[in-house]
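Residue numbers (this note's numbering), protein chains in the order written: chain Z, 4 to 490; chain B, 4 to 424.
Below: the structure, in structure tokens.
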């Protein structure tokens with residue numbers, strides 16, 4: 004098809020979303036980009052707003068030129084509409100005229116969107132029923148609980164990074180960075196560039212698994228040279244600042260009276276269990292910790308997209324999901340970093356627009372995407388969470404910070420009720436019921452219960468919505484509730 | 004693994020749990036099977052209502068009144084048995100307040116309450132001003148209300164888990180992740196147990212307590228029960244300091260519970276939980292087991308809630324969940340022996356009142372199976388009652404028009420007389 008009439012909605016304006024929007028527009032589609040933030044770039048290119056521009060953004064951001072090129076192209080493109088501060092609060096599967104494909108009309112999706120600053124009253128309600136949808140909703144970083152992690156001064160590495168990039172604020176003067184994965188390196192870099200002293204970067208994975216993950220099939224890395232170069236740059240920066248990088252170690256406790264004053268660092272075995280006798284205290288006023296990423300799956304689940312066993316969105320070679328008319332790109336299909344996200348976005352955008360994947364920029368994007376996919380597998384092999392971490396928990400360690408449910412209470416409730424089902428344990432222990440809706444603790448709770456279901460990722464209401472805004476939502480005439488019933 | 008028991012109960016929700024406890028305490032050997040987890044279906048997706056306020060005189064009210072007494076006793080019994088560390092069932096006799104904003108609504112509500120009083124329900128008519136003393140944040144437009152001090156609440160998952168734990172202490176065996184696949188039949192055609200995905204379970208009696216999935220279980224066993232799913236949605240706000248002290252309904256709730264229509268119906272049922280959240284129900288739709296989220300259901304619920312409590316407009320909804328009530332075409336649960344298949348029993352079809360009716364249901368099942376004296380007359384809930392027998396021949400049944408309760412205010416979302424499937 005020509006793509007002339009095709010309306011592609013892209014949710015998310017990080018690397019994957021921006022690349023998708025541009026590719027879709029280049030393929031001739033009308034494109035709408037929805038993003039909750041007030042500026043483009045997502046978490047990866049989080050930066051100061053245009054009213055407070057900084058001349059040094061390029062120093063803080065990898066691939067800043069790529070961002071400038073993409074965002075400039077989108078702003079200039081007549082077929083592209085960018086809607087900032089657009090919060091997609093729910094997605095419905097509708098049976099009304101929706102997605103159009105070569106086979107004719109199909110069921111489609113409706114996006115319910117509120118536009119405006121999050122806490123403002125009377126945000127404008129909008130709905131979109133696109134011909135094609137590209138989900139590029141990204142991921143948030145995951146922090147495993149440890150004793151003292153609820154103290155002020157403990158930040159997720161993502162929050163520390165966001166404050167550094169978005170506000171130029173360092174989370175502390177003496178900061179410990181800990182967790183797992185290559186993401187720790189840019190976080191340490193951002194902290195250094197905002198003036199903090201980084202006392203150490205403690206990587207939970209030991210050199211053995213790092214070597215297996217990173218050195219196995221090294222020819223694949225040759226293609227991902229951009230990523231390797233980026234990481235090499237960060238490592239060089241750490242060396243210049245004499246920041247020790249220590250594999251096989253973790254922050255297993257934070258201490259302080261109302262604020263972090265010190266952390267305990269311990270060596271870990273290959274299963275991430277702390278090795279007794281290796282604990283040492285480090286004085287610090289802040290710690291930035293992340294052990295991986297959790298994809299933001301709410302919209303994909305609401306759309307009905309099939310997920311892998313490790314709970315990423317399943318996509319085919321064109322980034323199409325299992326749901327006709329819905330494509331996915333970036334971290335929700337696998338934690339692969341910005342290079343993978345850019346490549347996947349470009350493929351998804353072109354495919355969603357109905358473009359020819361054998362022509363133009365598409366073949367290059369496909370090759371680049373295929374190379375980048377190997378990177379996601381390497382990260383998981385090298386840095387994936389190992390079950391021994393639960394050994395650093397104590398009975399009084401808070402597992403759910405919203406409801407202050409402790410590890411001991413979760414274990415006790417499981418023992419008393421005999422239930423290992425996450426929903427039941429949530430409702431009887433209160434873990435995961437608070438305002439963050441188990442975004443922080445849901446997967447931890449599932450790990451503790453050995454429950455691999457998708458229940459904790461299912462949030463039909465994606466973000467809290469003012470009841471007044473909900474009440475003001477127009478009720479359309481295409482009512483989906485009164486279908487003939489089954490018996 | 005093949006096992007045998009006096010009774011096998013299919014379904015580990017609150018009704019199955021109550022049956023298991025009553026039977027086990029009376030000395031029966033009990034096996035509870037659930038294809039999923041315990042307390043994970045309908046029991047985990049409601050508010051835990053223990054209500055008399057929404058029931059007119061009749062057998063459902065009788066069951067509710069008996070259950071209400073039983074829950075009050077159970078709160079203490081379960082706490083004593085299971086100890087202080089067991090999650091509290093959060094039994095709270097907070098009372099219900101039904102509000103109306105129109106003279107016509109008030110008239111209808113007043114008549115309904117008078118009939119309830121005659122049947123032994125505490126139903127106190129209060130003025131709008133008195134209603135605002137009970138609930139200071141009520142809208143100024145509320146003209147009057149009925150206060151139902153007996154209405155109560157439990158946390159339904161904790162309550163079901165507590166009943167199961169108590170049953171286990173009395174010897175019951177609870178097996179989750181085990182799905183019933185078919186019947187075990189004796190030479191005389193009598194049901195003698197069930198086949199499952201994990202072996203056979205021989206039993207003197209099989210009790211189907213599978214809520215809205217009971218029709219499927221009955222069919223697998225070679226019988227029939229006309230239970231259908233009726234979907235409901237609940238909204239949950241972010242936690243806040245408590246400003247709502249009772250269960251507060253608008254009058255339309257009655258029309259929705261008493262109606263048979265398949266189309267979407269909403270009304271406001273608003274209350275606080277111990278966790279500080281406010282729960283806003285409830286919708287009723289017959290859309291099969293469709294789990295797809297529908298925003299259209301939420302807007303009218305939100306509008307009604309804001310109409311009753313204007314301050315809620317500024318609060319945030321952080322979660323919604325939907326579940327399936329076991330709906331019966333004649334609005335009464337089925338508790339008793341299947342007339343077609345000897346050895347098969349039902350304890351299902353409680354629609355939105357399963358938590359509230361569970362204890363009396365369990366006692367009735369135990370009394371019938373063990374031959375003891377029932378606390379209430381079981382006849383109205385029998386599976387061979389005429390209203391169900393009339394439906395039996397055709398598997399593809401349609402709704403029958405059940406007697407409607409009062410309709411206390413305008414129903415903008417729906418015309419209960421209208422749609423028929």
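Built from N, CA and C at the ideal position, the CB exists for glycine as well.
- Using a Cβ-Cβ cut-off of 9 Å, residue 158(B) is close to 430, 431 of chain Z, given in chain order.
- Residue contact with chain Z for residue 344(B): absent (no Cβ-Cβ distance below 8 Å to any residue of chain Z).
- For the region 271 to 354 of chain Z, the continuous alpha helix (DSSP H) assignments of 4+ residues that do not extend past its boundaries occur at 301 to 306, in sequence order.
- Taking all protein chains shown into account, residue 293(B) has 16 or more neighbouring C-beta atoms within 10 Å of its C-beta and is therefore buried.
- Separation of the CB atoms of residue 286(Z) and residue 309(Z) is rounded to 49 Å, and the pair is thereby denied contact status at 8 Å.
- The beta carbons of residue 468(Z) and residue 92(Z) sit closer together than 8 Å.
- Under the three-state reduction of DSSP, residue 365(B) is assigned to helix.
- Ranked by Cα distance from residue 43(Z), the options 24(Z), 28(Z), 31(Z) are led by 24(Z).
- Residue-level contact by beta carbon fails for residue 331(B) and chain Z, as no gap is shorter than 8 Å.
- In the DSSP assignment, residue 135(Z) is bridged to 11(Z).
- Neighbourhood of residue 302(Z) in chain B, by CB distance below 8 Å: empty, with the nearest CB roughly 11 Å away.
- With respect to chain B, the C-beta atom of residue 420(Z) has a partner C-beta closer than 8 Å.
- A residue is called buried once 16 or more other Cβ atoms fall within 10 Å of its Cβ, and residue 359(Z), having fewer, is exposed.
- Fully contained in the region 275 to 341 of chain B are the following beta strand (DSSP E) runs of length 3 or more, in chain order: 281 to 287, 319 to 330, 337 to 340.
- When the beta-carbon positions are compared, residue 75(B) and residue 230(B) stay at least 8 Å from each other.
- A straight line joining the alpha-carbon of residue 282(Z) with that of residue 253(Z) spans about 10 Å.
- Within the region 75 to 94 of chain Z, the residues whose Cβ lies closer than 8 Å to some Cβ of chain B are 93, 94, listed in chain order.
- Proximity of chain Z to residue 221(B) at the Cβ level (cut-off 9 Å) is not reached, the minimal Cβ distance being about 12 Å.
- DSSP, read as helix, strand or coil, puts residue 17(Z) in coil.
- In this structure, residue 337(Z) keeps its C-beta atom at 8 Å or more from the C-beta atom of residue 145(Z).
- For the region 457 to 471 of chain Z, residues whose beta-carbon sits nearer than 8 Å to a beta-carbon of chain B comprise 462, 463, 464, 467, 468, 469, 470, 471.
- Rounded to the nearest whole angstrom, the C-alpha separation of residue 174(Z) and residue 274(B) is 40 Å.
- By the rule that beta-carbons nearer than 8 Å mark a contact, residue 132(Z) does not touch chain B.
- Under DSSP, the beta-bridge partners assigned to residue 12(B) are 35(B), 210(B).
- In this structure, the beta-carbon distance from residue 306(Z) to residue 11(Z) does not fall below 8 Å.
- Of all residues in the region 305 to 326 of chain B, the ones placed with a Cβ closer than 7 Å to any Cβ belonging to chain Z are 305, 306, 308, 309, 315, 316, 317, 318, 319, 320, 321, 322, 323, in chain order.
- With respect to chain B, the C-beta atom of residue 371(Z) has no partner C-beta closer than 8 Å.
- If you draw a 10 Å sphere on the C-beta of residue 134(Z), you find 16 or more other C-beta atoms in it, and that means buried.
- By the criterion of at least three beta-carbon pairs nearer than 8 Å, the region 130 to 148 of chain B is not in contact with the region 389 to 400 of chain Z.
- Excluding the 5 residues flanking it on each side, residue 445(Z) has same chain C-beta neighbours closer than 6 Å at 435, 459, in chain order.
- The way I'd put it, the region 352 to 361 of chain B does touch the region 322 to 339 of chain B; three or more beta-carbon pairs between them come closer than 8 Å.
- As for any beta strand (DSSP E) of minimum length 3 sitting wholly inside the region 14 to 94 of chain B, the runs are 33 to 37, ordered along the chain.
- Taking a Cβ-Cβ threshold of 7 Å, the residues of chain Z close to residue 278(B) are 433, 436, in chain order.
- Sorting 88(Z), 439(Z), 292(Z) by C-alpha distance to the C-alpha of residue 403(Z) places 439(Z) at the top.
- Note on geometry: alpha-carbon atoms of residue 157(B) and residue 281(B) lie some 15 Å from one another.
- With 16 or more other Cβ atoms inside 10 Å of its own Cβ, residue 239(B) counts as buried.
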